[in-house]
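Asker: Just dropping this structure here.
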Amino acid sequence: MRTWHIQSALFWIATGFLAAGLFLAPIINGGRDPKYQKLGVDILFWALVVVVVGSFVGNYLAIAQIMPAHLNFWLGHQGYEFVDLGRVWQIGKFTGVAFWLVLMLRAILPVFKQEGDKNLLALFSASVVAIGLFYAAGFFYGERTHISVMEYWRWWIVHLWVEGFFEVFATAALAFIFHSMGLVSKRSATVASLASASLFLLGGVPGTFHHLYFSGTTTPVMAVGATFSALEVVPLIVLGHEAWEHYKLKERSPWMAKLKWPLMFFVAVAFWNMLGAGVLGFSINPPISLYYVQGLNTTATHAHAALFGVYGFLALGFTLLVLRYIRPTMQFDDKLMKTAFWWMNIGLALMLFTSLLPVGLIQFYASASKGLWYARSEALLQSDVLVALRWIRTIGDVVFIIGAFAVTWQVVKGVFGIDKDVSLPVTTGVTSPVLAGTEQGAIDNDSCCGGCTQANEGAK
Ligand code: HEM
Ligand SMILES: [Fe+2]
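Next comes the structure, spelled out in structure tokens:
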């Protein structure tokens, strides 16, 4: 279950990001997809299904010891958290990501030939290339490689992806979206993205070593890791500020208010960036704290707050934005979205602060007073208090799951048009010069949303 839990979180988030990229490509390209793009996306989707199903079945067969041991590494389970999938599936996943890269580049490269400022496009393209190619770092070790070398390459994927390139991709993608909606000028979108991307990479790349303090690392490298990963908090604050600015933009135009829910999710991203990645990440980050708490529930606290809080909500924000675009006449069900948004956020906070963090702090005390071995021992973990604290987690989990069902229902309703409001006059759609697929789409006049233009485009 644990393997599936982590793998499904990663697959889900990666799918959300890759889909957002594919959604954005024609927008960058002036409203058109290249020839056969749909076919490519369909192939990619079914390849994803094969890799997910195959790797999940392989995980199970390996853990249940049904699969012969010599096949484990290749088909079953690499035995390594976050890259648990068998090597064959990992190759499949890489092929898929590389194919995505091709789909993206064939859509965005022609834009380089056009006139005008292309710095933001260059940054976005670089992050797309990095996401596509850096997954290959996971192939630089084999079944029998020394564990310290394996650790090194594994963190290239796990850390460099999330704390480096995905951050740059997310920043540049949002900048594109807001710029194409005509909300921020290209220049300010470019400046903000370049500044945050440089800060991310400055902290994020050498910061990789905060995962390697105690895996045969030399002292100077430990110092580099500690110093630069502490700097990772800086861009998070910049981003928080940006998100708030974006949120305030909703008053700038009447149609912008219709994007309230995707924007709210982007604000949640900024909040969890600050709390989950910033505060909780920072507190376990110096070598002296990790010396006592590596691999305890304090890590799980940070990991849930940062991974779901930042990338989970970001993937949902992207999903809602895409939904808004492909169903221009749809109206978000406010009650449903309120439940989705608040129950997921409060559920996540309950999970963290009523269960994971208290367990982590008790473990920290045990580790500092007796030793790390004791903090992870059955004697401590099966004690009455810790068993009770783990059960308390169910409350937060249930609250969260209700929120998750609500957002799922909203998406299903939107996609399949199970919505009474769909036939209302078209005053509700997202519209903007580019998002609406028309140069004069920007509407000051609230009576037209560009939705009809989109519907016509779709019909063609
Ligand atoms: C959105 C950004 C981030 C995400 C998604 C994220 C995610 C994660 C995840 C999933 C883990 C658990 C890895 C494992 O189980 O071994 C982890 C560990 C860790 N993170 Fe983050 N993180 C983020 C930002 C940060 C920041 C900004 C810092 C420091 C300032 C940080 C410091 C750490 C450290 C030191 C560990 C290792 C803990 C250990 O080995 O026990 N993270 N992170
Ligand atoms: Fe990290």
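Numbering follows the working numbering, with no gaps: position 94 of the sequence shown is 1362. Idealized CB from N, CA, C, for every residue including glycine.
1) Buried or exposed, going by whether 16 or more other CB atoms sit within 10 Å of the CB of Trp1540?
2) Just verifying my parser: in three-state terms, what is the DSSP assignment at His1414?
3) With DSSP as the reference, label Leu1564 as helix, strand or coil.
4) How would you label Val1683, buried or exposed, when you count the other beta carbons within 10 angstroms and need 16 or more for buried?
5) Quick one: what's Leu1353 bridged to in DSSP?
6) Quick check on this structure: which residue in Phe1632, Ala1405, Leu1657, Phe1313 has the alpha carbon closest to the alpha carbon of Trp1368?
7) For Asn1297 versus Ala1375, is the C-beta distance shorter than 8 Å?
8) DSSP on Gln1305, reduced to helix/strand/coil?
9) Could you say which of Arg1658, Phe1477, Leu1504 lies nearest to Ala1463 if we only look at CA atoms?
10) Using 8 Å as the threshold, is the C-beta distance between Leu1391 and Ala1440 below it?
11) What does the Cβ neighbour count give for Gly1472, buried or exposed, with the cut at 16 atoms within 10 Å?
12) For Arg1270, count neighbouring Cβ atoms within 10 angstroms of its own Cβ and tell me buried if that reaches 16, exposed if not.
13) May I ask whether a heavy atom of ligand 1 can be found less than 7 Å away from the beta carbon of Gly1406?
14) Out of Ser1635, Arg1355, His1514, Pro1555, which one is the CA nearest neighbour of Leu1564?
15) Any idea if Ser1276 is buried or exposed, counting beta-carbon neighbours within 10 angstroms, 16 or more meaning buried?
16) Spatial neighbours of Gly1577 within its chain, please: C-beta separation below 8 Å, excluding the five flanking residues on both sides.
17) Please tell me whether Phe1285 and Phe1434 are closer than 8 Å, where the distance is taken between their beta carbons.
18) How long is the line joining the alpha carbons of Thr1587 and Val1430, rounded to whole angstroms?
19) Since Ser1464 is in the alpha helix (DSSP H), which residue starts that stretch and which ends it?
20) CB of His1447 to nearest heavy atom of ligand 1: below 7 Å?
21) For the alpha helix (DSSP H) that contains Glu1435, what are its first and last residues?
22) For Phe1468 and Arg1455, I'd like the C-alpha separation in whole angstroms.
23) Output the distance between the C-alpha atoms of Asn1623 and Asp1301, rounded to the nearest integer angstrom.
24) Can you tell me where the alpha helix (DSSP H) with Gly1214 in it begins and where it stops?
25) Give me the pocket residues for ligand 2, defined as CB within less than 7 Å of any heavy atom, sorted by chain position.
26) Is it the case that the Cβ atoms of Trp1424 and Phe1402 are separated by a distance below 8 Å?
27) Where in the stretch 1561-1604 do unbroken runs of the alpha helix (DSSP H), each at least 4 residues long, occur, reported from the N-terminal end onward?
28) Would the beta-carbon of Ile1552 be found less than 7 Å away from any heavy atom of ligand 1?
29) Please classify His1420: is it buried, with 16 or more other beta-carbons within 10 angstroms of its beta-carbon, or exposed?
30) Just mark Leu1692 as buried or exposed, buried being the case when its beta carbon has 16 or more other beta carbons within 10 Å.
31) Use the C-beta contact count for Ser1497: other C-beta atoms within 10 angstroms, 16 or more gives buried, fewer gives exposed.
32) Below 7 Å, is the gap between the Cβ of Gln1346 and the nearest heavy atom of ligand 1?
33) Return yes when the C-beta of Gln1562 is under 7 Å from any heavy atom of ligand 1, and no when it is not.
34) When the Cα of Ala1438 is compared with those of Arg1422, Val1452, Phe1550, Ile1399, which residue comes out closest?
35) Cβ of Asn1297 within 7 Å of any heavy atom in ligand 1?
36) I'd like the span of the alpha helix (DSSP H) that includes Glu1646, first residue to last.
Answerer: On the basis of the coordinates in this document:
1) Against the sequence shown, residue 1540 aligns to sequence position 272. By the 10 Å Cβ count, Trp1540 comes out buried.
2) Along the sequence shown, read from residue 1 onward, the residue named residue 1414 stands at position 146. DSSP places His1414 in coil when its eight states are reduced to three.
3) Here the question's residue 1564 lines up with position 296 in the sequence shown. In the structure shown, Leu1564 sits in coil (DSSP, three-state: anything other than H, G, I, E or B).
4) Your numbering for residue 1683 matches position 415 in the sequence shown. When all chains shown are included, Val1683 counts as exposed.
5) Taking the first residue of the sequence shown as position 1, residue 1353 is located at position 85. Its beta-bridge partners are His1345.
6) The residue given as residue 1368 occupies position 100 in the sequence shown. Cα-wise, what sits closest to Trp1368 is Phe1313.
7) Here the question's residue 1297 lines up with position 29 in the sequence shown. Here the question's residue 1375 lines up with position 107 in the sequence shown. Cβ atoms of Asn1297 and Ala1375: closer than 8 Å.
8) By 1-based counting over the sequence shown, the position of residue 1305 is 37. The answer is helix: DSSP assigns Gln1305 an H, G or I state.
9) The count along the sequence shown starts at 1 and reaches residue 1463 at position 195. For the residues Arg1658, Phe1477, Leu1504, the minimum Cα distance to Ala1463 belongs to Leu1504.
10) Here the question's residue 1391 lines up with position 123 in the sequence shown. Here the question's residue 1440 lines up with position 172 in the sequence shown. Yes, Cβ-Cβ distance for Leu1391 and Ala1440 is below 8 Å.
11) Here residue 1472 corresponds to residue number 204 of the sequence shown, with the count starting at 1. Its Cβ being crowded by 16 or more others within 10 Å, Gly1472 is buried.
12) Within the sequence shown, the letter at position 2 stands for residue 1270. Answer is exposed; the Cβ neighbour count stays below 16.
13) Position 138 of the sequence shown, counted from the start, is the residue given in the question as residue 1406. Gly1406: no, Cβ never under 7 Å from ligand 1.
14) Position 296 of the sequence shown, counting from 1, holds the residue named residue 1564. The shortest Cα separation from Leu1564 among Ser1635, Arg1355, His1514, Pro1555 belongs to Ser1635.
15) One-based indexing of the sequence shown puts residue 1276 at position 8. Ser1276 should be labelled exposed.
16) For this step, residue 1577 is matched to residue 309 along the sequence shown. These residues qualify, in order along the chain: Ala1536, Val1537, Phe1539, Trp1540, Asn1541, Leu1543, Gly1544, Ala1545, Leu1616.
17) The residue you call residue 1285 lines up with position 17 of the sequence shown. The residue you call residue 1434 lines up with position 166 of the sequence shown. Closer than 8 Å, so yes.
18) Your numbering for residue 1587 matches position 319 in the sequence shown. Your numbering for residue 1430 matches position 162 in the sequence shown. Looking at the two C-alpha atoms, the distance is approximately 19 Å.
19) As a working mapping, residue 1464 is identified with position 196 in the sequence shown. Element bounds for Ser1464: 1454-1472.
20) Position 179 of the sequence shown, counted from the start, is the residue given in the question as residue 1447. Checking every heavy atom of ligand 1 against the Cβ of His1447, none is found closer than 7 Å.
21) The residue you call residue 1435 lines up with position 167 of the sequence shown. Note, Glu1435: alpha helix (DSSP H), 1434-1448.
22) Stepping through the sequence shown from its first residue, residue 1468 is reached at position 200. Stepping through the sequence shown from its first residue, residue 1455 is reached at position 187. Roughly 20 Å separates the two Cα atoms.
23) For this step, residue 1623 is matched to residue 355 along the sequence shown. For this step, residue 1301 is matched to residue 33 along the sequence shown. Correcting the residue type first, residue 1623 is Ser in the shown sequence and not Asn. One C-alpha to the other measures close to 47 Å.
24) Given a span of 1269 to 1728 for the chain in the structure shown, any question on residue 1214 remains unanswerable.
25) His1427, Glu1431, Gly1475, Thr1476, His1478, His1479, Ser1497
26) In the sequence shown, residue 1424 corresponds to position 156, counting from 1. In the sequence shown, residue 1402 corresponds to position 134, counting from 1. Taking 8 Å as the Cβ cut-off, Trp1424 and Phe1402 qualify as a contacting pair.
27) 1565-1574, 1581-1594
28) Residue mapping note: residue 1552 aligns to position 284 of the sequence shown, counting from 1. True, at least one ligand heavy atom lies under 7 Å from that Cβ.
29) On the sequence shown, residue 1420 is found 152 positions in, with the first residue counted as 1. Just to set this straight, residue 1420 is Tyr in the shown sequence, not His. Answer is buried; the Cβ neighbour count reaches 16.
30) Position 424 of the sequence shown, counting from 1, holds the residue named residue 1692. Note that Leu1692 has pLDDT 40, beneath the 50 cutoff, so the model's placement of it is unreliable and no number is given.
31) In the sequence shown, residue 1497 corresponds to position 229, counting from 1. The residue in question, Ser1497, is buried, as its Cβ has 16 or more Cβ neighbours within 10 Å.
32) Residue numbering aside, residue 1346 sits at position 78 when the sequence shown is read from its first letter. Every heavy atom of ligand 1 is 7 Å or more from the Cβ of Gln1346, so no.
33) Indexing the sequence shown from 1 puts residue 1562 at position 294. Yes.
34) Translated into the one-based positions of the sequence shown, residue 1438 becomes position 170. Checking every option, the nearest Cα to that of Ala1438 belongs to Ile1399.
35) Taking the first residue of the sequence shown as 1, we reach residue 1297 at position 29. No, the beta carbon of Asn1297 sits no closer than 7 Å to any heavy atom of ligand 1.
36) By one-based count along the sequence shown, residue 1646 stands at place 378. Element bounds for Glu1646: 1646-1649.
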